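Asks:
In the numbering used here, the protein residues as written are 16 to 198.
#1: Name the two residues that bound the continuous beta strand (DSSP E) containing residue 150.
#2: What separation, rounded to the nearest whole angstrom, lies between the Cα atoms of residue 158 and residue 131?
#3: Taking contact to mean at least 3 C-beta pairs separated by less than 8 Å, is the segment 147 to 161 in contact with the segment 172 to 182?
#4: Residues in the same chain with beta-carbon distance under 8 Å from residue 139, minus the five sequence neighbours each way, listed in chain order, please.
#5: Report yes or no: do three or more beta-carbon pairs, one from the segment 104 to 114 and one from the segment 141 to 151, lie closer than 8 Å?
#6: Would the beta-carbon of residue 175 fall within 7 Å of that of residue 112?
#7: Which full runs of the alpha helix (DSSP H) of 4+ residues lie inside the segment 106 to 174, going along the chain?
#8: Pick helix, strand or coil for residue 198, following the three-state DSSP scheme.
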């Protein structure tokens, strides 16, 4: 049974821990570290002449390179990436994306919170009005409660549309620029 991953994989680690070979043992790690190839080393103590006489097809084939773990990257790359992200954060494009987000989210969140508090206050202050029937068994309280759900779905749709039309393209361009700077 493969081991479950307890944290997010780092750079060079695999996301597909569930696709590990079935013959994996408990001593092997669930996520392989990043590895690099080194020059090939002889595998057996036999001479090249003995190997070519025993198996001529093996003598012609090159030996597979040995694999060793790669050392962690130098701290300077971390400093460089930190500087890149800070410069992106200070850029006008990033500030425009954040401003567009705030202009939509803060007023809409305030309006929804106000709408919810009016519903709760009406239930506490005017229970008689909330009990008055609208249609059949549906009263004002039920109607306003169901409108809370409808409002939630409406605001979710509006947020997704606003993000798609006003922020996503600019954010994707900024992401590509950042990745280019980090290469």
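Glycine included, every Cβ here is placed at the ideal spot set by N, Cα and C. No experiment lies behind these values; they were computed from the predicted model shown.
Replies: In short:
#1: That run of the beta strand (DSSP E) goes 148 to 150.
#2: Roughly 13 Å separates the two Cα atoms.
#3: They do not touch, by the three-pair rule.
#4: Contacts found: none.
#5: Note that the segment 104 to 114 does not touch the segment 141 to 151; fewer than 3 beta-carbon pairs, one per stretch, sit closer than 8 Å.
#6: With a cutoff of 7 Å on beta-carbon distance, residue 175 and residue 112 are scored as not near each other.
#7: DSSP runs (the alpha helix (DSSP H)) wholly in the segment 106 to 174: 107 to 140 and 142 to 146.
#8: It is coil, neither helix nor strand.
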